[in-house]
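Going by the numbering used here, the first residue of the sequence shown is number 23, and it counts up by one from there. Input: a single structure, listed below in structure tokens.
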Amino acid sequence: MEQLRTEIRHHEHLYYVLDSPVITDADYDAMIRRLRALEERHPDLIAADSPTVRVGGAPREGFQQVNHSEPMLSLDNALNEGELRAFDERVRGLLSDAPHAYVAELKFDGLSLAVRYGGGVLKQAITRGDGGTGEDVTENARTIRSLPLRVATTEPFEVRGEVVMPNKAFQSLNEEREQQGLPRYANPRNSAAGSLRVLDPAITAGRRLDFYGYIRLPAPGSQWESLELLHEEGFKVGRHRRLCTDIDELLAFIQEWESKRETLPFEIDGVVVKVDSQAQQRQLGWTARAPRWAIAFKYPPRQAETALRSIAIQVGRTGVLTPVAHLGPGPVSGVMVSRATLHNEDEIERLGLAAGDTVVIERSGDVIPKIVKVARHGDERVKFAMPRHCPVCGEPVVRAEGEVASRCLNPNCPARLKESLRYFASRGVMDIDGMGEALIEQLAGKGLLKSIADLYQLEAGQLAGLDRMGEKSAARIMRGIEASKRKSLARLINGLGIPFVGERTAVLLGGTFGSLDAIAQASEEKLQETPEVGVKVAQAIRRYFDNGHNREMIERLRAAGLNFTQEKVRSEDGPLSGLTFVITGTLPSMSRDEAKLMIEHAGGKTSGAVSKKTDFLVAGEAAGSKLEKANTLGVKIIDEEALRRMVGEGGRA
Ligand code: IVH
């Protein structure tokens, strides 16, 4: 069991801290399952720091107050070059020698956490609180996968760092919350804080938080060495850091990251500059507020003022009416924005908005900006009122009790239909190349598309007669429609537009039931056996399949030959058994995840990194370092078509 635990820890470190797994998720899951089974049989041998007990503690009554080992102070800010130079002058004035070097690190926009280790295990995690005392959030912090539960160092030490929620996790959490009728989080920092300070660790566990260490107590000789040591000890530390000898180098780093901050998977709000030498830090000491050896260079918030021209209504595929703000347009940190979602009428009320006002918009973690507040009222203000009838089909609009959303309940509403078709055909779903908004609009206008199933009745001749459509493009679209029939079951389920069933739930449903028919026939109880599917989602699925129109449409999809099945579990003795694959670059017709599933279903293994043990590298477009490595190691390189042939699908043009 201890061997298995060590192996699992190793793979967790590769996956969560280094972002470079060498085994598949399925293999990892299998190891965890095996360990759980052993622990069930030998409960006396369960270790407190076993990887299976990340979510161990029961929900708590409240958090214990704990004193910090050293005050957790804040940092003084520099808002421009002058203030940074003044900091440097102060440091030089106080030190007997000139500062040897400064370390520039990204300033993570999350919440700080102090984590104590002793005897090689995680002992306690404490929020900053008032700086002197914080709250004991150990059980919740244990669920953060990039925070090691066990370390090689046995002497007591403390790591201070930032808990952040990556932008992707933030966006999908907000989408989920919106689907469930819950208010959205304003930014990744708030949602990280909200996720860490809940009383039930199981909720934190589901939130995909990350921890970046930036201070070690006690520290080795310098800040730079602290970061390296933390990395060696298994912590995630910011990769983007620089050892600078003067202010100009620091300024270059600061400028570089101001323009590149958009490319990071998490939010930053500046750069932290620290005197590198520990001895010099000690000489400089602290004020009552902050250390004299560090300063935070803050980036301006990505806010801008712009005119709110009008508020329009968009009808989504589930019938929800969403108010959309049409803006200025004006740039926000260099990016032009013309629209912002307002989510619902309560939000407009809360902000006190009316068309004609000047508003402040801000971007933070989200792709679409949001309106923060009204800057000035306009002279001619047009107040918003949620329409009582759908602006597209004219049917009544209903706002259910306890919900923030207003919906058009007409299942045949043309807006809902168009949105469902657009979603169904989109890249991440059935991927019908060329079937975009404009074409759907035309086809629906001619009465050729009244349901998703009508897509499969289209003929090339009908397409060729349309605006801006030659024979070639018509043929391309027909090929796209044909190819969509072979897409995975998960994609099809996602494309159907069942309320509350998005991409992730679709994958889980497909994997649990193995066929669309099995899902359609399952009782609510049975449906709830699917991971992450609760009462509400199960009810929505049941209701969807009990509806006669939906059933009829599904029969038409079946008759058209769409793929309704997938393998439930992976087969051990398929054509690829004993072979290990690495996938890199963009494949012509499937995502890397799909390729991975295909390989695993055929009995093969996939890995994230090329090594001597790799049998094949499946390379797509823009393959980079993995392709180079495969070349140097002499690993065989194949394309998607060859992979399809190997699993017995035959190549496709
Ligand atoms: S060092 C004595 N390094 O910014 C304080 N802080 O505005 C030492 N922060 O409270 C903090 N990234 O929560 C440090 N690379 C980084 C940081 C960082 C984010 C946060 C931290 C701190 C706040 C100060």
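Here a beta-carbon is modelled for each residue, glycine too, at the ideal position from N, C-alpha and C. The model shown is predicted, which means the values in this text are computed figures rather than measured ones.
Check: residue i C-beta below 7 Å from any heavy atom of the ligand COA
| i | result |
| --- | --- |
| Leu95 | Questions concerning the ligand COA fall outside what the structure shown contains, since the ligands it does hold are the ligand IVH. |
Check whether residue i and residue j have beta carbons under 8 Å apart
| i | j | result |
| --- | --- | --- |
| Glu255 | Val173 | yes |
| Ala652 | Val632 | yes |
| Lys558 | Phe522 | yes |
| Ala215 | Leu133 | yes |
| Leu135 | Pro170 | no |
| Ala70 | Arg27 | no |
| Ala475 | Ile383 | no |
| Val220 | Gln146 | no |
| Ile317 | Arg107 | no |
| Val137 | Glu184 | no |
| Glu441 | Gly338 | yes |
| Arg324 | Ser386 | yes |
| Leu330 | Ser428 | no |
| Gln302 | His122 | yes |
| Val295 | Tyr124 | yes |
| Cys95 | Met23 | For the record, residue 95 in the displayed sequence is Leu; it is not Cys. Not in contact: Leu95 and Met23 (Cβ atoms no closer than 8 Å). |
| Glu663 | Met612 | no |
| Ile166 | Asp158 | no |
8 Å contact criterion, which residue i and residue j should meet: CB distance rounded
| i | j | result |
| --- | --- | --- |
| Ala617 | Val640 | 6 Å |
| Ile390 | Leu373 | Not confirmed; about 16 Å, so no contact. |
| Ala362 | Ala347 | 4 Å |
| Val419 | Pro433 | Incorrect: roughly 14 Å between the Cβ atoms, too far for contact. |
| Ala437 | Val451 | Going by Cβ atoms, the distance from Ala437 to Val451 rounds to 18 Å, so no, they are not a contact pair. |
| Thr622 | Ala126 | Checking the displayed sequence, the identity of residue 622 turns out to be Glu instead of Thr. With 8 Å as the limit, Glu622 and Ala126 do not qualify as a contact, their Cβ atoms being about 43 Å apart. |
| Arg238 | Leu251 | 6 Å |
| Val75 | Ser168 | 17 Å between Cβ atoms; not a contact. |
| Gln300 | Gly378 | Contact doesn't hold; Cβ gap of about 58 Å is too wide. |
| Ile515 | Leu480 | Wrong, their Cβ atoms sit about 22 Å apart, outside the cutoff. |
| Thr552 | Leu530 | 5 Å |
Exposed unless 16 or more other CB atoms sit within 10 angstroms - verdict on residue i
| i | result |
| --- | --- |
| Thr606 | buried |
| His571 | exposed |
| Leu655 | exposed |
| Asp232 | buried |
| Ala528 | buried |
| Met358 | exposed |
| Ser42 | exposed |
| Leu431 | exposed |
| Glu16 | Outside the displayed span of the chain (23 to 675) sits residue 16, for which this structure offers no information. |
| Asn569 | exposed |
| His90 | buried |
| Gly673 | Annotation note: pLDDT 36 at Gly673 (below 50); position unreliable, no value reported. |
| Ala447 | buried |
Own chain residues within Cβ distance below 8 Å of residue i, not counting five before or after
| i | result |
| --- | --- |
| Lys320 | Asn99, Ala100, Leu101, Lys129, Asp291, Gly292 |
| Leu306 | Val113, Leu116, Leu117, Val297, Pro313, Arg314, Trp315 |
| Arg498 | Asp455, Gly456 |
| Ala466 | Pro436, Leu439, Lys440, Leu443, Lys472 |
| Thr608 | Gly642, Glu643, Ala644 |
| Ser213 | Met187, Phe192, Leu195, Asn196, Tyr207, Arg229 |
Contact set for residue i: own chain, Cβ-Cβ below 6 Å, skip 5 residues either direction
| i | result |
| --- | --- |
| Ser629 | Val44, Thr602, Val604 |
| Lys280 | The sequence given here has Glu at residue 280, not Lys. Same-chain partners within the cutoff: Tyr321. |
| Ser360 | Leu349, Pro351 |
| Ala582 | Tyr478 |
| Gly140 | Pro178 |
| Asp453 | none |
| Ala560 | Glu546, Leu549, Gln550 |
| Arg578 | Ala475 |
| Gly235 | Val181, Gly183, Leu252, Phe257, Val259 |
| Arg164 | Arg76 |
| Glu278 | none |
Beta-carbon proximity list for residue i, same chain, < 7 Å, skipping 5 on both sides
| i | result |
| --- | --- |
| Arg580 | Phe586 |
| Arg444 | Glu459, Ile462 |
| Phe275 | Ala126, Arg264, Cys266, Val293 |
| Thr176 | Gly141, Gly142 |
| Ala397 | Glu327, Thr380, Val381, Val382 |
| Phe109 | Ala100, Ile317 |
| Glu29 | Met53 |
| Arg508 | Asn585 |
Residue-level contact to chain D via CB, residue i, 8 Å cutoff
| i | result |
| --- | --- |
| Ser537 | In the displayed structure, chain D is absent; only one protein chain is listed. |
Self-check item: Cβ contact (3+ pairs, closer than 8 Å) linking the segment 595-608 and the segment 482-498
Solution: no
Quiz prompt | contact_flag[the segment 228-248, the segment 148-156] where n(CB pairs < 8 Å) is 3 or more | solution = no
Quiz item: Is the number of C-beta pairs between the segment 449-464 and the segment 364-373 that are closer than 8 Å three or more?
Solution: no
Self-check item: Segment contact, 8 Å Cβ cut-off, at least three pairs: the segment 249-266 with the segment 301-315
Solution: no
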